[in-house]
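Throughout the sequence shown, residue numbering follows the numbering used here, covering 4 to 352 in sequence.
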Amino acid sequence: MTAFRPGLELSRLFYTEAVRPLLGDLPHAAARLGPGSDVLGLDTPRSTDHDWGPRLELFADTDIGPLHTMLSERLPKRFRGWPTHFEPPGARVRSMADTDGPVDHYITISPFPGWCRRMLGFDPAGGLTTTDWLCTPWQRLAELTGGAVFHDPDQTLSRVRESLRWYPADVWRYVLASQWQRIAEEESFPPRAAEAGDEHGAQVLTARLVRETARLQLLLTRHWPLYPKWLLAALPAGPATWHLTSALRAGTAHDRSDALCTTLEILAETQNELGLAAELPPNRREFFDRGYPVIGAARFAEALRTAITDPGLRARPLTGSIDQLTDSVPLLGNPAMCRAVTAAAGQSP
4 MTAFRPGLEL SRLFYTEAVR PLLGDLPHAA ARLGPGSDVL GLDTPRSTDH
54 DWGPRLELFA DTDIGPLHTM LSERLPKRFR GWPTHFEPPG ARVRSMADTD
104 GPVDHYITIS PFPGWCRRML GFDPAGGLTT TDWLCTPWQR LAELTGGAVF
154 HDPDQTLSRV RESLRWYPAD VWRYVLASQW QRIAEEESFP PRAAEAGDEH
204 GAQVLTARLV RETARLQLLL TRHWPLYPKW LLAALPAGPA TWHLTSALRA
254 GTAHDRSDAL CTTLEILAET QNELGLAAEL PPNRREFFDR GYPVIGAARF
304 AEALRTAITD PGLRARPLTG SIDQLTDSVP LLGNPAMCRA VTAAAGQSP
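Put into structure tokens, the structure is as follows:
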């Protein structure tokens, strides 16, 4: 068996040793961006069964057909031990396979602006509006700012990637406020469910809050929250992560609440240190007189909203970005639908 190596490393070698020599003086840029665990640096030997292998994105303003055909005819059938041919042809999910004929390669060839429009629904080279930011899924932003660039002679890719690195300050405040609001809506539910004898319900509710708190932690540390398969794997090591995952392991309602509140206290202090809003006491408090603790997440949401300087954004309902509006995979994969839903959710009642 061929020894596993990270997909980004394989793609870089594939471009340098196999693809670049075939391009001559063709103006182009090359990278490994877009969907794939390799782009996120999270691929393992398990990843090699589909959508993984010697592949890359080739950006060129040229007649795509002849270039695609030339690469199919001249690329080696294997590179560093891995097939360069992928099956089935044209499918959404493809896997490496050997072939005796031309290589059906996994090199996506496109002008860069068109590729961005398919991924995002707009070309970020022209600047980003508030709507552009809010309607773009976090996963797509991670896929464009992650990965690796192999050749970028005029720095077009690098400039666009840098422009998508993180939210402008007011948009960041708004998205954070919306995330605190999501926590506020359910932070008292797990202990209440346990108190009512619904232990399984309390565990499910705790898991929901762990997810929302993980997203908050990543947003506060300027990391795009990844989609569910990789969300917790993307958390940085440290006290906040340790306490957060402890909430999943805890066996009692008291221990679950304590772990969640401890995590949120750490994150509240992180927000205070960032200076994005007025400082607030980062301490838990009793939920009314019921005897169980909450952080009081709504107060952090309101502080952030108050600190927003853009009047239109400050007046917008705390519905948040598209990821805070929906979990629908078909919707999140359709830029036009993302834009329409985000616009509708931003309308005042």
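A virtual CB, placed ideally from N, CA and C, is assigned to each residue, including glycine.
Short Cβ contact (8 Å threshold) for residue i with residue j
i    : j    : result
L124 : C138 : A small fix is needed here, since residue 124 is Gly in this sequence, not Leu. Contact: yes.
P69  : A21  : no
L131 : L147 : no
G84  : T5   : yes
L234 : A145 : no
P86  : M73  : no
T65  : L29  : yes
G97  : E90  : In the sequence on display, residue 97 carries Arg and not Gly. Result yes, Cβ atoms of R97 and E90 sit closer than 8 Å.
Y109 : G56  : yes
D54  : G39  : yes
G278 : P320 : no
R176 : I311 : yes
S260 : P296 : yes
V163 : A128 : yes
A32  : D155 : yes
heavy atom of the ligand FAD below 7 Å from residue i C-beta
i   : result
G84 : Annotation note on the ligand FAD: not contained in the displayed structure, which lists no ligands.
Those residues which DSSP pairs with residue i across a bridge
i    : result
T371 : Past the edges of the chain, shown from 4 to 352, lies residue 371, and the structure says nothing about it.
A34  : E60, V152
H88  : A100
V297 : R288
F125 : Paired residue(s): none; F125 is not in a bridge.
F303 : DSSP, once it has assigned bridges, lists no residue as partnering F303.
R81  : P86
Residues near residue i by beta carbon distance below 7 Å, same chain, minus five either side
i    : result
H257 : none
V42  : R35, L36, E146, G149, G150
L45  : W233, A236
S249 : A262
P333 : none
Contacts around residue i, its chain only, beta-carbon distance under 6 Å, and the 5 residues preceding and following it disregarded
i    : result
P67  : It should be pointed out that residue 67 corresponds to Ile in this sequence rather than to Pro. Closer than 6 Å at the Cβ level, and outside the excluded window around I67, lie I112.
E15  : Glu is not the amino acid found at residue 15; the sequence shown has Arg there. The answer, listed in chain order, is F153.
A318 : none
D101 : P86
S50  : S40
A180 : A304, L307, R308, L321
W169 : R225
Neighbourhood of residue i by C-beta distance below 8 Å, restricted to the same chain and skipping five residues each side
i    : result
V174 : T133, W136, L137, L316
T329 : L335, V344
Original post:
Quick check: the stretch 298-316 against the stretch 167-185, are there 3 or more CB pairs under 8 Å?
Top reply: Under the Cβ criterion (8 Å, minimum of three pairs), the stretch 298-316 counts as touching the stretch 167-185.
**OP:** Determine contact between the stretch 260-279 and the stretch 214-228, defined as no fewer than three beta-carbon pairs at a distance below 8 Å.
**Re:** When C-beta atoms of the stretch 260-279 are compared with those of the stretch 214-228, three or more pairs fall below 8 Å, so the two segments count as touching.
**OP:** Please go through the stretch 145-220 and give each complete alpha helix (DSSP H) segment of 4 or more residues, from N-terminal end onward.
**Re:** Every alpha helix (DSSP H) of 4 residues or more that sits fully in the stretch 145-220 is shown, in chain order, as 159-166, 172-189, 192-198.
**OP:** State whether the stretch 89-107 contacts the stretch 283-298, with contact taken as three or more CB pairs (one from each stretch) at a distance under 8 Å.
**Re:** Because the criterion of three Cβ pairs below 8 Å is not met, the stretch 89-107 and the stretch 283-298 do not touch.
Subject >> Segment contact, 8 Å Cβ cut-off, at least three pairs: the stretch 339-346 with the stretch 225-238 >> reply: Three or more Cβ pairs closer than 8 Å define a contact, and the stretch 339-346 falls short of that threshold against the stretch 225-238.
Original post:
Three or more beta-carbon pairs under 8 Å between the stretch 249-268 and the stretch 200-215, yes or no?
Top reply: Enough Cβ pairs lie closer than 8 Å, so yes.
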